[in-house]
Structure formats: structure tokens, C-alpha cells
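K.L.:
Quick one: structure below, then a few questions.
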Amino acid sequence: MKRAAAMLLCPALLFLSSCRAGRYDFRDIEKLELIETLGIDAAGSAVTVTAATGALEGERPTVLINSAYTVGLALRGMQAMQEKDIYFAHVGSCIVGEQTARRGLTMYLDYIERELSVRYSTGLFIVRDGTAADAVSGVCAGGSVTELLEAMKEDVRMLSQSYVYSVGEVAGAMLEKGCALVCAVELREEEDPVSGDRESVLEPSGYALINGDRLEGFLDSEASHGVNILTNRLSMDTVEIPDGRGGVCALSVYFGKTAYKAHFNGNGIPAVVDIIIKLDAGIEELHGMTDPYDDRQLGDIAGALEAVERERVEKALAAVRAYGTDYIGIGRAIERASPVGFSRVREIWPSLLRSIKLNVYIDTEIVRSYDIALPLMPDGERP
Amino acid sequence: MFFGKADARKKDTGGSGGVNMDDLRRIFDGCGDFSVTEAAVGGSGQRVYLCYIDGLVRAEAVDRDVFAPLTDPVRFRGCFTDGDRLGRVLSGSVCCTPAAEKSSPEELAAALLQGFCAVVFDAQSAAVAFEVKTDDKRAVTEPAAEKAVKGAKDAFTETLRTNTSLVRRKLRDARLKTAETGTGRLSHTKISVLYFQGVADPGTVEQVRRRVESIDADAVLSASVIEEALSDPRRTVFPLVMSTERADRFSMSIAQGRVGVLADGLPLGFVVPVTLAQTLSAPEDRAQHFAVSAAVRAIRYLALLLTVLLPAVYVAVVMFHQEMLPTKLMLSIIESKRNVPFSTAAEVTAMLAAVELLQEAGLRLPEPVGQTVSIIGALIVGQSAVEAKVVSPVVVIVVAISVVSGYAMPNQDLSAALRLWRFFFALAAMINGMFALACAGVILIYHLSSLESYGVPYLSPFTDGGAREKLRALFRLPEKGSRR
Numbered sequence: 001m002k003r004a005a006a007m008l009l010c011p012a013l014l015f016l017s018s019c020r021a022g023r024y025d026f027r028d029i030e031k032l033e034l035i036e037t038l039g040i041d042a043a044g045s046a047v048t049v050t051a052a053t054g055a056l057e058g059e060r061p062t063v064l065i066n067s068a069y070t071v072g073l074a075l076r077g078m079q080a081m082q083e084k085d086i087y088f089a090h091v092g093s094c095i096v097g098e099q100t101a102r103r104g105l106t107m108y109l110d111y112i113e114r115e116l117s118v119r120y121s122t123g124l125f126i127v128r129d130g131t132a133a134d135a136v137s138g139v140c141a142g143g144s145v146t147e148l149l150e151a152m153k154e155d156v157r158m159l160s161q162s163y164v165y166s167v168g169e170v171a172g173a174m175l176e177k178g179c180a181l182v183c184a185v186e187l188r189e190e191e192d193p194v195s196g197d198r199e200s201v202l203e204p205s206g207y208a209l210i211n212g213d214r215l216e217g218f219l220d221s222e223a224s225h226g227v228n229i230l231t232n233r234l235s236m237d238t239v240e241i242p243d244g245r246g247g248v249c250a251l252s253v254y255f256g257k258t259a260y261k262a263h264f265n266g267n268g269i270p271a272v273v274d275i276i277i278k279l280d281a282g283i284e285e286l287h288g289m290t291d292p293y294d295d296r297q298l299g300d301i302a303g304a305l306e307a308v309e310r311e312r313v314e315k316a317l318a319a320v321r322a323y324g325t326d327y328i329g330i331g332r333a334i335e336r337a338s339p340v341g342f343s344r345v346r347e348i349w350p351s352l353l354r355s356i357k358l359n360v361y362i363d364t365e366i367v368r369s370y371d372i373a374l375p376l377m378p379d380g381e382r383p
Numbered sequence: 384m385f386f387g388k389a390d391a392r393k394k395d396t397g398g399s400g401g402v403n404m405d406d407l408r409r410i411f412d413g414c415g416d417f418s419v420t421e422a423a424v425g426g427s428g429q430r431v432y433l434c435y436i437d438g439l440v441r442a443e444a445v446d447r448d449v450f451a452p453l454t455d456p457v458r459f460r461g462c463f464t465d466g467d468r469l470g471r472v473l474s475g476s477v478c479c480t481p482a483a484e485k486s487s488p489e490e491l492a493a494a495l496l497q498g499f500c501a502v503v504f505d506a507q508s509a510a511v512a513f514e515v516k517t518d519d520k521r522a523v524t525e526p527a528a529e530k531a532v533k534g535a536k537d538a539f540t541e542t543l544r545t546n547t548s549l550v551r552r553k554l555r556d557a558r559l560k561t562a563e564t565g566t567g568r569l570s571h572t573k574i575s576v577l578y579f580q581g582v583a584d585p586g587t588v589e590q591v592r593r594r595v596e597s598i599d600a601d602a603v604l605s606a607s608v609i610e611e612a613l614s615d616p617r618r619t620v621f622p623l624v625m626s627t628e629r630a631d632r633f634s635m636s637i638a639q640g641r642v643g644v645l646a647d648g649l650p651l652g653f654v655v656p657v658t659l660a661q662t663l664s665a666p667e668d669r670a671q672h673f674a675v676s677a678a679v680r681a682i683r684y685l686a687l688l689l690t691v692l693l694p695a696v697y698v699a700v701v702m703f704h705q706e707m708l709p710t711k712l713m714l715s716i717i718e719s720k721r722n723v724p725f726s727t728a729a730e731v732t733a734m735l736a737a738v739e740l741l742q743e744a745g746l747r748l749p750e751p752v753g754q755t756v757s758i759i760g761a762l763i764v765g766q767s768a769v770e771a772k773v774v775s776p777v778v779v780i781v782v783a784i785s786v787v788s789g790y791a792m793p794n795q796d797l798s799a800a801l802r803l804w805r806f807f808f809a810l811a812a813m814i815n816g817m818f819a820l821a822c823a824g825v826i827l828i829y830h831l832s833s834l835e836s837y838g839v840p841y842l843s844p845f846t847d848g849g850a851r852e853k854l855r856a857l858f859r860l861p862e863k864g865s866r867r
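Same order as they appear, the protein sequences are chains H and B. Numbered per the working numbering, the first sequence spans residues 1 to 383. Numbered per the working numbering, the second sequence spans residues 384 to 867.
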């Protein structure tokens with residue numbers, strides 16, 4: 001009896017599961033128009049959304065532009081523009097125009113956060129001196145904006161350019177810190193070295209600084225490098241420095257770690273913050289250096305590297321102090337180490353940040369250096 | 384003989400008034416291979432009939448061991464009456480082979496069909512049977528379906544006694560019992576129940592005996608008759624009886640306390656009780672390093688999941704839950720499905736059916752032809768179909784992985800059961816994606832949990848065992864650790 005009941009119950013569950021899901025509406029995958037990049041521009045009380053697909057083999061990406069009062073309505077309106085079903089679950093990048101970002105990001109981030117089909121991991125970009133529609137349409141005229149942005153996400157790791165924060169990360173930072181960093185891009189015209197045609201490309205252009213939910217300003221490339229170091233986002237970076245003997249040395253900085261230590265005064269207020277940075281680098285190329293094992297020469301190189309990185313860090317800190325907004329998260333780092341001490345200054349931290357003394361200590365070490373002229377030792381190592 | 388039914392049969396036919404040639408001829412009327420030769424006992428005038436079934440006996444043994452001694456006057460020296468000569472033959476001092484008196488025509492006929500030769504003393508209504516079975520039987524060869532790389536190479540043959548001897552050679556212990564009975568109204572097939580006394584559960588032994596005795600079939604000529612008698616096939620397609628052609632696997636199961644069944648005419652041994660974990664272990668596991676075996680066994684469990692779920696998960700994801708796919712994979716799938724006119728559901732169903740068709744065709748044909756069919760089929764269904772845009776390459780890959788994973792199952796019956804469930808899961812996925820797939824998974828787990836083989840849960844030790852037993856089922860532990 002029980003078995004019979006179970007056997008009846010199982011098919012019932014099978015169909016009830018459909019009711020719970022609320023759909024039998026399967027979609028054949030080949031009939032989907034896979035939108036991978038969204039561009040958002042505010043225009044008066046309306047919003048213009050530009051959607052671009054990736055480029056399938058032998059095809060140009062499809063670009064759809066539609067305006068409505070909300071992002072959702074604009075996207076739904078695109079369905080009427082072509083035959084296939086528009087599918088937003090694979091949107092990997094979202095570009096916002098500069099003017100739109102200056103008016104506030106909350107409305108657009110809110111749509112992405114609430115819309116089930118769009119992912120939190122969608123990378124967020126702000127176009128410097130331009131609109132998202134121009135950026136998407138311009139790049140897609142000669143190539144694929146999706147591929148370009150995906151490549152940019154990968155390149156960041158190798159070139160230590162602006163880190164591409166996702167929508168989830170930006171929204172989280174805005175909630176927690178009241179500010180956020182967003183990867184800034186710039187639309188440029190350049191000549192194709194093969195065909196000679198002029199085409200539009202998007203290039204990384206430092207960080208966009210979001211205060212509250214509005215764009216406050218931009219950091220240039222050097223300051224962005226400093227931000228990467230200060231936010232422990234440093235990945236592989238190549239730095240060219242003079243070796244002090246007329247030559248140039250290329251260093252590969254492959255490890256960086258930054259720690260923050262606050263010193264409190266008698267009133268329990270942080271008076272000084274030590275920023276301790278540890279950088280490891282290896283020599284990639286030598287031009288003019290005579291002895292790679294000479295501690296003095298290596299010391300000179302390490303010193304030169306420290307100077308370069310210090311300048312970047314100082315630039316970043318100066319920008320942060322100028323805006324009075326803790327984009328880097330120094331306050332959060334101090335709070336983690338001394339929660340009680342920081343609680344006294346949490347409310348005044350932005351203004352305190354402008355005046356607090358920041359000591360930057362950078363310890364650079366050249367941990368790899370080979371002289372390829374020397375023979376290998378029996379164990380395969382160089383002496 | 385301990386089987387009550389056989390004893391009863393003997394009582395029914397015994398003592399029915401002697402044996403004569405008329406009765407015997409009537410029984411074998413129309414049997415061209417029934418051979419009768421008239422002879423004079425010891426050169427006297429006493430006429431007897433030498434009867435046998437041609438082909439079931441060794442002709443030279445009949446001549447040398449029965450006919451020649453029976454007609455040799457020297458062997459009957461001192462016998463003056465027909466009764467004396469009959470008594471000497473019955474005493475076994477005339478012929479070289481064991482003699483047994485048969486008291487009824489039916490009993491004699493049964494003996495003749497078992498390869499005996501009978502001497503019928505028509506005037507005395509008496510008959511004596513001599514065992515002169517033919518030696519014509521297939522030699523012990525390597526297993527065809529369960530290949531062994533590092534294990535024993537002897538597989539069961541169609542001869543029961545050869546099979547019991549193969550087991551005896553591996554388990555030389557008097558506690559190994561082989562209880563025999565005959566079954567099949569027309570085939571009178573001998574069936575042997577093997578178990579280790581003191582190791583096997585007496586209740587299971589008794590249950591197996593009862594089930595074997597209760598076989599109600601005209602002829603026991605196929606494995607399914609035994610399997611259906613030992614289990615209830617209406618309950619499940621999963622194997623509740625393990626059949627194997629490998630003597631070492633059979634013997635190992637017996638040594639572990641299971642009960643085995645061998646049948647004359649079937650080159651297979653049957654073992655009960657069976658669990659899912661046992662069907663996923665192979666004899667080769669014990670022939671390799673335990674770490675290698677553990678890894679291989681883990682892969683088998685993975686293969687089990689792949690063979691059942693992969694087509695269904697593909698259908699569910701591609702038709703209903705495209706957001707689950709990584710973007711690049713989704714683009715690859717879209718690319719591969721361009722210009723394919725059929726829906727994903729149709730593609731997967733057709734491919735699964737085509738593979739089953741090819742497999743069946745290859746199985747039934749002679750080996751060289753079967754291979755050709757498989758190769759041509761693979762080319763047609765695979766490469767040509769993809770090139771002609773009839774199916775997408777991704778579907779071919781998914782179905783191929785699923786089918787190949789099925790071949791990784793050490794037990795063919797389990798593999799066959801999984802093939803059916805693969806269709807069920809794919810169908811569920813086509814109805815409502817992952818939701819239906821989850822329901823199908825619940826149904827499968829419920830079904831497996833409800834199965835028992837002779838009182839042992841089918842999912843044992845996963846449902847009722849300790850951590851160590853579960854670990855032992857999933858991975859082969861070193862021999863010291865896996866000793867019972």
C-alpha cells in the first residue's frame with residue numbers, strides 16, 4: 001500500500017515541481033541571443049540601454065539599443081527588435097557612462113541585484129569622458145566589445161592595471177564603506193597595424209572613485225598602481241628602472257603585501273598609521289649591469305624600485321586624502337586590528353583621514369637573480 | 384540427496400513392476416538416436432538388450448567396458464542360470480564401470496538421458512545401467528565477457544561437474560557443500576547449490592534451496608530462469624542476483640559467505656545475496672595495488688553517475704537552465720547547434736536510441752561482422768551525422784561519454800539496468816529540467832533503498848554499515864584492513 005502510494009506520489013511531485021518553478025517554458029539554446037555586455041546611459045528621466053552579444057565565429061556581434069524609464073523595461077523592449085529570445089544570464093560586463101555615474105549608480109546596480117538572471121559577478125566599468133552607448137557601438141563596429149572587456153579582465157592580472165570589480169563587490173563596498181572603486185575605461189581611436197583602418201578601442205584608464213553612489217573623480221594609471229598595492233590587489237607587474245650605471249633594468253614584481261598599524265594617542269584617537277609594504281621582485285632583463293651578484297648593485301636596484309612604488313603609493317594616498325573618502329579601506333584595516341579604538345573615531349574617520357599622519361614603509365627585495373653566463377652546477381642550480 | 388522433491392519423484396516411479404524393452408521402446412518411440420543392440424550374455428543363449436542414447440555415451444567405452452565383458456564367457460564361468468548371470472552383472476563384477484539397477488522404465492529412461500548405457504534383461508524384467516558418459520565438452524577457456532588481466536583465466540563451461548570442480552580447486556575445504564537437484568519438466572537440468580557450511584547464513588541457504596526446487600519451467604536452458612527463480616524480477620531491473628562466468632569471482636563470493644548456484648548447460652554461476660557495492664567491485668580489484676584499485680573503484684562510482692545522469696543533466700541545462708553553463712561553454716554549444724534542425728530533446732533521444740541499436744546489432748552478429756557494424760555505425764552516427772548537421776557534436780560527446788561510462792560497470796546486468804534508468808532520467812529532464820531530475824533522483828534512491836537481496840539491503844553498507852564498511856565499499860583497503 002505504501003509503495004503504491006509512493007509510486008503515485010512521485011509522478012505527482014514531478015508535475016508539482018513544475019508548478020513550483022512556474023514554468024514548462026524550455027528554451028532551445030540555439031534560439032537564444034546571448035547578451036554579454038550591457039551599456040547604461042541616463043538621458044533625462046529615461047535610460048538608454050545598449051546590449052551587445054559576443055561574436056560567434058564568422059559573425060559580427062549584435063548591438064541593440066533601446067530607451068525606457070527603467071532598465072528592465074528597456075531590456076524587455078529589445079525582444080521586439082529581433083527574432084531570437086534575448087537572454088541576459090550571461091552578461092559578463094556592464095558599462096556605465098561618466099555622466100550617468102555622476103548622477104548616481106544605485107538605480108542601475110539595484111536592477112542587477114534584483115534581476116535573477118543577471119549575475120553579481122558581472123564586471124562593472126565606467127567610461128571616462130564618454131557614454132556607454134558610444135563605447136559599445138563604437139567598439140562593436142570593428143570588433144567585439146565583449147571580447148575586449150573579457151581580455152581586459154585577464155590583462156589586469158598581468159599588467160597590474162585597474163582591477164575589475166564586479167557589481168556585487170561594488171555594491172558591497174558602497175554598503176560597507178560608503179564608497180567604491182570601479183575600473184575606468186576610455187574610448188580611443190587607433191589604427192589597426194595590419195589593415196591600417198581606424199577603429200575604436202576601450203583601454204583601461206585607472207580607477208573611477210564612487211562616493212555614496214555618485215562618481216566623484218578618477219585616479220590616473222600611476223595612482224591606480226598605488227591603490228592596487230594598498231588594497232593588496234597587486235598581481236604581476238613589470239617595472240623599468242635605471243640601474244644607476246647608465247643601463248635599464250626590468251623588474252618583475254610578483255608579490256606584494258600591505259599591512260596597516262595604527263598608533264593611538266592618549267585620548268585613544270589614532271594619531272599615526274604605519275603602512276608597511278613588502279614587495280618581492282625578480283630581475284627580468286639587465287642592460288648595463290655588470291655583476292648581478294653584487295649586493296651593492298642589487299641594493300641600488302631595490303632602492304630604485306622602492307622609489308617608484310613609493311611615488312605610486314603616495315599619489316594614491318594623496319588622492320584619497322584629497323577626496324576625504326577611504327576608498328582604500330584603511331579604516332577597515334585599523335578596525336579589524338583595534339575594533340574598540342576605531343569605534344571612537346568611526347564617525348569622524350573621513351575627516352581624520354585628511355589629517356592623520358601616514359608613514360609608508362616599503363621593503364623591497366630582489367629575490368631572484370641569475371647570471372646566465374655562469375655554468376650550471378651539477379645539481380642543475382646556478383651558483 | 385537431500386532434496387525432498389527428488390526423493391518423492393523416485394518413490395512415485397519406483398517399483399512399478401520391472402523393466403522391459405516394450406516399455407522402453409514406447410518411451411523412446413520416434414527417437415532416432417535411441418540405440419538398441421541385442422547380445423548374448425557370456426556366450427549363452429540368454430538374450431539381453433544393450434540400450435543407450437547415441438551421442439550421450441562414449442561408443443568405445445560401451446564396447447570395451449560393457450559389451451565386451453557382457454559377451455565374454457570367461458566372466459560368467461560358474462553361472463548356470465539366467466538368474467545367476469543377472470546376479471553377476473548386478474554385482475558389478477562383469478563390467479568395469481559402476482552399475483546401478485533400475486526398477487522402472489522411467490527411471491531407466493532418465494539414466495539413459497544422463498549418459499548411461501543400459502543392459503535390459505527382458506525375460507527377467509530387469510535392467511542395469513552403466514555410467515559411460517561422453518567426454519565431449521567444451522574445454523575451460525578464458526572468460527569472454529569478464530576479461531581478466533591479472534586474475535585467474537578459467538571461466539565456467541556448460542558442464543556442471545566441470546564447474547563444480549573449478550570451484551573445488553579454488554576452495555579445497557570439505558565445508559564447501561554442493562547440494563544438487565534436477566529441475567525442468569523436460570530438460571531435467573541438474574542444479575547445484577554451493578555454500579560454505581558455517582560461513583554462509585543457513586537461512587539464506589535454505590531460501591535458495593527452496594527457490595531452486597520451486598522452479599516451474601519446462602526447460603532450464605537460459606540464465607533468466609535461474610535468476611528469476613532466485614529473485615523477484617518484477618520488483619526491479621537492478622540485479623539482485625550476481626551472475627558471473629569467472630570461477631575465481633564465484634569462489635571468492637562463496638568464501639565470503641554468499642550462496643552460489645550452478646546449473647548444467649549454463650556457463651555461468653549465480654551468487655546471492657547481492658548489494659550495489661558488490662556489483663561495482665571487480666575481481667581485478669584484488670589483483671592490483673590497493674591504491675590503484677581504490678582509484679579505479681572511485682572512477683567506477685563516478686562512471687555510474689555519468690552513465691545515468693550525464694544526458695539528463697545536459698538536456699536539463701541546455702533546455703531549461705542555461706544560466707548554469709559557463710559562458711564560453713554555452714557559446715560552444717550554441718555554435719555546435721547552429722543549423723541542426725532538431726531540438727535538443729530529439730537529438731539526445733535519437734542518439735541514445737541509435738547507440739542502443741548499434742550495441743544490440745554488434746552483440747548479435749559474429750565478432751568480425753559485429754565490429755564492422757560498430758565501426759560503420761560509429762562513423763555514420765558520429766562523424767557523418769555531425770557533418771550533415773543532423774546532430775550536434777556536443778550531443779555525440781555527451782552520449783558517448785555516458786555510454787562508455789556504462790561499459791565501466793563490472794556487472795553487465797547493472798549496466799543494462801542503468802541503461803534503462805538513463806532513458807528515464809533523460810525523459811524527466813525533458814519534462815521539467817533540474818526539478819524533474821531531482822524528483823527522478825529521489826525516485827531512484829527510494830527504489831534502491833527499498834530493495835533487499837535475501838534480507839540484505841541493496842544499498843548496504845551505505846545505509847546500514849559503519850564508516851569503515853562504507854569506506855571499504857568505496858575504496859579497496861589494503862588486504863590486512865579488508866579481512867573479514
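The beta-carbon is built from N, C-alpha and C at its ideal position, and this holds for glycine as well.
Express the C-alpha separation of Gly329 of chain H and Ala12 of chain H in angstroms, rounding to a whole number.
P.N.:
Within the first sequence, the letter at position 12 stands for residue 12 of chain H. Within the first sequence, the letter at position 329 stands for residue 329 of chain H. Going from the Cα of Ala12 of chain H to the Cα of Gly329 of chain H covers about 54 Å.
K.L.:
Quick test of the definition: if touching needs 3 or more C-beta pairs under 8 Å, does the stretch 350–368 of chain H touch the stretch 302–311 of chain H?
P.N.:
Counting Cβ pairs under 8 Å, three or more are found: they touch.
K.L.:
Quick one: which chain B residues come within Cβ less than 9 Å of Leu32 of chain H?
P.N.:
Along the first sequence, one-based indexing puts residue 32 of chain H at 32. Gln705, Met713, Ile717, listed in chain order.
K.L.:
How about Thr572 of chain B and Ala646 of chain B: are their beta carbons less than 9 Å apart?
P.N.:
Here residue 572 of chain B refers to the residue found at position 189 of the second sequence. Here residue 646 of chain B refers to the residue found at position 263 of the second sequence. Contact: yes.
K.L.:
Quick one: which unbroken alpha helix (DSSP H) runs of 4-plus residues sit fully inside the stretch 654–738 of chain B? Chain order, please.
P.N.:
Fully enclosed alpha helix (DSSP H) runs of 4 or longer: 659–662, 673–702, 710–720.
K.L.:
Using beta-carbon positions only, say whether Leu317 of chain H and Ile717 of chain B come within less than 9 Å of one another.
P.N.:
Sequence index remark: in the first sequence, residue 317 of chain H carries index 317 (1-based). Sequence index remark: in the second sequence, residue 717 of chain B carries index 334 (1-based). Contact: no.
K.L.:
Taking Val167 of chain H and Ile112 of chain H to be in contact with their CB atoms under 8 Å, please state how far apart those CB atoms are, rounded to whole angstroms.
P.N.:
Position 167 of the first sequence, counted from the start, is the residue given in the question as residue 167 of chain H. Position 112 of the first sequence, counted from the start, is the residue given in the question as residue 112 of chain H. 5 Å between Cβ atoms; contact.
K.L.:
Would you decide whether Cys183 of chain H is buried or exposed? Buried here means 16 or more other CB atoms lie within 10 Å of its CB.
P.N.:
Here residue 183 of chain H is taken as the residue at index 183 of the first sequence, counted from 1. Its Cβ being crowded by 16 or more others within 10 Å, Cys183 of chain H is buried.
K.L.:
Is the CB of Asp28 of chain H under 9 Å away from at least one CB in chain B?
P.N.:
As a working mapping, residue 28 of chain H is identified with position 28 in the first sequence. Yes, because at least one Cβ of chain B sits closer than 9 Å to the Cβ of Asp28 of chain H.
K.L.:
Identify which residue in H:His225, H:Cys179, H:Leu75 has its Cα closest to the Cα of Ser117 of chain H.
P.N.:
Position 117 of the first sequence, counting from 1, holds the residue named residue 117 of chain H. Comparing Cα positions, the closest option is H:Leu75.
K.L.:
Could you pull the start and end residues of the alpha helix (DSSP H) that Gly217 of chain H belongs to?
P.N.:
The residue given as residue 217 of chain H occupies position 217 in the first sequence. Note, Gly217 of chain H: premise wrong, no alpha helix (DSSP H); beta strand (DSSP E) at 214–219.
K.L.:
Can you give me the C-alpha to C-alpha distance between Val698 of chain B and Asn794 of chain B, rounded to a whole angstrom?
P.N.:
Here the question's residue 698 of chain B lines up with position 315 in the second sequence. Here the question's residue 794 of chain B lines up with position 411 in the second sequence. Computed Cα separation, rounded: 27 Å.
K.L.:
So, is the C-beta of Met813 of chain B closer than 9 Å to a C-beta in chain H?
P.N.:
Counted from its first residue, the second sequence places residue 813 of chain B at position 430. Chain H contact via Cβ: present.
K.L.:
Along chain B, in chain order, which residues have C-beta atoms closer than 7 Å to that of Glu36 of chain H?
P.N.:
On the first sequence, residue 36 of chain H is found 36 positions in, with the first residue counted as 1. Ordered by position in chain B, the residues that pass the 7 Å Cβ test against Glu36 of chain H are Thr710.
K.L.:
Please return the same chain residues whose Cβ sits closer than 7 Å to the Cβ of Met707 of chain B, not counting the five positions on each side in sequence.
P.N.:
Taking the first residue of the second sequence as 1, we reach residue 707 of chain B at position 324. Result list for Met707 of chain B: Val700, in chain order.
K.L.:
Closest to Ser833 of chain B by C-alpha separation, out of B:Met817, B:Ala665, B:Leu659, B:Ala733, would be which residue?
P.N.:
Position 450 of the second sequence, counted from the start, is the residue given in the question as residue 833 of chain B. Among B:Met817, B:Ala665, B:Leu659, B:Ala733, the Cα nearest to that of Ser833 of chain B belongs to B:Leu659.
K.L.:
Over the uninterrupted alpha helix (DSSP H) stretch that includes Met817 of chain B, give me the two end residues.
P.N.:
Locating residue 817 of chain B in the second sequence gives position 434, counting from the first residue. Residues 795–833.
K.L.:
Can you tell me which of the three DSSP states Pro840 of chain B falls into?
P.N.:
On the second sequence, residue 840 of chain B is found 457 positions in, with the first residue counted as 1. Strand, per DSSP.
K.L.:
Based on the DSSP secondary-structure assignment, which residues constitute the bridge partners of Asp280 of chain H?
P.N.:
Within the first sequence, the letter at position 280 stands for residue 280 of chain H. For Asp280 of chain H, which the question treats as bridged, DSSP gives the partners H:Phe255, H:Glu365.
K.L.:
When we look at the beta-carbon of Arg163 of chain H and count the other beta-carbons within 10 Å, is it buried (16 or more) or exposed?
P.N.:
In the first sequence, the residue the question calls residue 163 of chain H occupies position 163. Reading off the sequence shown, one finds Tyr at residue 163 of chain H, where the question assumed Arg. Flag for Tyr163 of chain H reads buried.
K.L.:
Just reading off the alpha helix (DSSP H) that Pro242 of chain H is part of, what are its end residues?
P.N.:
On the first sequence, residue 242 of chain H is found 242 positions in, with the first residue counted as 1. Segment 237–242 is the beta strand (DSSP E) holding Pro242 of chain H; no alpha helix (DSSP H) there.
K.L.:
Whole angstroms are fine: how far does the CA of Phe806 of chain B sit from the CA of Gly567 of chain B?
P.N.:
Looking up residue 567 of chain B in the second sequence gives position 184. Looking up residue 806 of chain B in the second sequence gives position 423. Cα to Cα, the separation comes out at about 36 Å.
K.L.:
When Cβ atoms are compared, which residues of the stretch 38–67 of chain H fall closer than 7 Å to chain B?
P.N.:
Answer set for the stretch 38–67 of chain H: Gly54, Leu56, Glu57.
K.L.:
Check Ser575 of chain B in the structure and name its three-state DSSP category.
P.N.:
The residue labelled residue 575 of chain B in the question sits at position 192 within the second sequence. Strand, per DSSP.
K.L.:
Look at the alpha carbon of Gln497 of chain B and the alpha carbon of Ala630 of chain B, and state the distance between them as a whole number of angstroms.
P.N.:
Along the second sequence, read from residue 1 onward, the residue named residue 497 of chain B stands at position 114. Along the second sequence, read from residue 1 onward, the residue named residue 630 of chain B stands at position 247. The straight-line gap from Cα to Cα measures roughly 25 Å.
K.L.:
Going by DSSP, which residues form a beta bridge with Tyr432 of chain B?
P.N.:
Counting from one through the second sequence, the residue named residue 432 of chain B turns up at place 49. In DSSP, Tyr432 of chain B forms a bridge with B:Glu421, B:Val503.
K.L.:
Are any of the Cβ atoms in chain H nearer than 9 Å to that of Gly816 of chain B?
P.N.:
The count along the second sequence starts at 1 and reaches residue 816 of chain B at position 433. With 9 Å as the cut-off, Gly816 of chain B counts as an interface residue toward chain H.
K.L.:
Check whether chain B comes within 9 Å of Ser388 of chain H, counting only Cβ atoms and requiring the distance to be less than that.
P.N.:
Past the edges of chain H, shown from 1 to 383, lies residue 388 of chain H, and the structure says nothing about it.
K.L.:
What separation, rounded to the nearest whole angstrom, lies between the Cα atoms of Ala728 of chain B and Leu810 of chain B?
P.N.:
The residue given as residue 728 of chain B occupies position 345 in the second sequence. The residue given as residue 810 of chain B occupies position 427 in the second sequence. Those two C-alpha atoms are separated by around 8 Å.
K.L.:
Taking a contact to mean a Cβ-Cβ separation below 9 Å, would you say Val502 of chain B touches Cys414 of chain B in this structure?
P.N.:
Numbered from its first residue, the second sequence carries residue 502 of chain B at position 119. Numbered from its first residue, the second sequence carries residue 414 of chain B at position 31. Not in contact: Val502 of chain B and Cys414 of chain B (Cβ atoms no closer than 9 Å).
K.L.:
Would you say Lys720 of chain B faces chain H, with C-beta separation under 9 Å as the test?
P.N.:
Along the second sequence, one-based indexing puts residue 720 of chain B at 337. It does: the Cβ of Lys720 of chain B has a partner Cβ on chain H nearer than 9 Å.
K.L.:
Would the beta-carbon of Ile229 of chain H fall within 9 Å of that of Leu187 of chain H?
P.N.:
As a first step, residue 229 of chain H must be located in the first sequence, where it is residue number 229. As a first step, residue 187 of chain H must be located in the first sequence, where it is residue number 187. Their beta carbons are not under 9 Å apart, which means Ile229 of chain H does not touch Leu187 of chain H by this criterion.
K.L.:
Could you tell me if Tyr293 of chain H is buried or exposed, where buried requires 16 or more neighbouring beta carbons within 10 angstroms of its beta carbon?
P.N.:
Position 293 of the first sequence, counting from 1, holds the residue named residue 293 of chain H. Exposed.
K.L.:
Inspect the beta-carbon positions of Val440 of chain B and Val472 of chain B and report whether they are closer than 9 Å.
P.N.:
By 1-based counting over the second sequence, the position of residue 440 of chain B is 57. By 1-based counting over the second sequence, the position of residue 472 of chain B is 89. No, Cβ-Cβ distance for Val440 of chain B and Val472 of chain B is not below 9 Å.
K.L.:
Got a sec? Which residues, its chain only, sit under 8 Å from Thr480 of chain B by beta carbon, not counting five neighbours each side?
P.N.:
Stepping through the second sequence from its first residue, residue 480 of chain B is reached at position 97. Cβ within range, chain order: Ala444, Asp448, Val449, Phe513, Glu514, Val515.
K.L.:
If I'm right that Ile436 of chain B touches Leu491 of chain B with Cβ under 8 Å, what's the distance once you round it to whole angstroms?
P.N.:
Counting from 1 along the second sequence, the entry for residue 436 of chain B is found at position 53. Counting from 1 along the second sequence, the entry for residue 491 of chain B is found at position 108. Contact flag wrong, Cβ pair sits at about 12 Å.
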